[in-house]
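Take a look at the structure set out below.
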Amino acid sequence: MANIKVKQEIGGDLVYAKGIEGGEQVSADITRVWTAKGYGWKVMATSAVASLIVRPTVTAIATFYNNTAKNFVIETVFTHNLVSIANGNFSIWVCIHPTGMTAPTNDITVRSSTIGLAAGTEGIFDAGATVVDNGWFPVGMWGTTVTATMPGTSVEAEIKGRLIVPPTAAISLSAVAQTAVVTQCMGIHYFSVPTTEFKLG
Numbered sequence: 036m037a038n039i040k041v042k043q044e045i046g047g048d049l050v051y052a053k054g055i056e057g058g059e060q061v062s063a064d065i066t067r068v069w070t071a072k073g074y075g076w077k078v079m080a081t082s083a084v085a086s087l088i089v090r091p092t093v094t095a096i097a098t099f100y101n102n103t104a105k106n107f108v109i110e111t112v113f114t115h116n117l118v119s120i121a122n123g124n125f126s127i128w129v130c131i132h133p134t135g136m137t138a139p140t141n142d143i144t145v146r147s148s149t150i151g152l153a154a155g156t157e158g159i160f161d162a163g164a165t166v167v168d169n170g171w172f173p174v175g176m177w178g179t180t181v182t183a184t185m186p187g188t189s190v191e192a193e194i195k196g197r198l199i200v201p202p203t204a205a206i207s208l209s210a211v212a213q214t215a216v217v218t219q220c221m222g223i224h225y226f227s228v229p230t231t232e233f234k235l236g
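36 is the number of the first residue of the sequence shown in this note's numbering; add one for each residue after it.
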């Protein structure tokens, strides 16, 4: 019988590889492991606000600040188009604010664990925050609606860890449409990962 050792990313120590019951080794997306460990969370606003009709600058629809010593690995950002117009179109925009940002106000929002844990206090979610324009970029596919009176579509942009919010940094969300009549209720799916498991730089 052979024992297999692997090199740790942090520290460089050699440790024995582990298996599931019966010793079987399984390769899986790391986000599934993080979900099983209870690192997965979702946060979103409780009220829809008007879309912008210009590129975002210093006002965000939603801002999520990292008030922990962990890294927030962004899985998806999403929006629900509550009020729509006929043939309305909109897109999601994001801005990453560097470390050292002043913490915004913590508004009452929906928070939930992706494995049913009690809602925690990690992260500060502010609706309508005034922020520094550190550069806004569109993400994901655009959304469209057909009717003028019914709630519209939900749009989700898959980030898959390509955006990471370290401690004292933040991510802001906004939406751009052809009219401010189109309103959005925005949120984030993220993993709160200890720095001992996921090192930056």
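C-beta: ideal position from N, C-alpha, C; glycine also. All figures in this text were calculated on a predicted structure; none of them were measured in a lab.
| Residues near Ala104 by beta carbon distance below 6 Å, same chain, minus five either side | Pro202
| query | Could you check where the alpha helix (DSSP H) with Arg146 kicks off and where it finishes? | reply | Here Arg146 belongs to no alpha helix (DSSP H); instead the beta strand (DSSP E) covers Val145 to Ser148.
| said: Please classify Gly236 as buried or exposed, where buried requires at least 16 neighbouring CB atoms within 10 angstroms. | reply: exposed
| For Asp161, is the classification buried or exposed, using 16 other Cβ atoms within 10 angstroms of its Cβ as the cut-off for buried? | buried
| said: From the DSSP secondary-structure annotation, give me the bridge partner or partners of Asn106. | reply: Val228
| Thinking C-beta only, is Leu208 closer than 9 Å to Thr114? | yes
| field | For Ile88, three-class secondary structure by DSSP | value | coil
| query | Relative to the alpha-carbon of Ile159, which residue among Val200, Ile88, Thr188 and Ala85 has its alpha-carbon at the smallest distance? | reply | Val200
| request: Could you work out which residue in Asn106, Lys77, Asn122 and Val190 is closest to Pro133 when comparing CA atoms only? | output: Asn106
| Does DSSP classify Pro94 as helix, strand or coil? | One detail in the question is off: residue 94 reads as Thr in this sequence, not Pro. Residue state, collapsed to three classes: strand.
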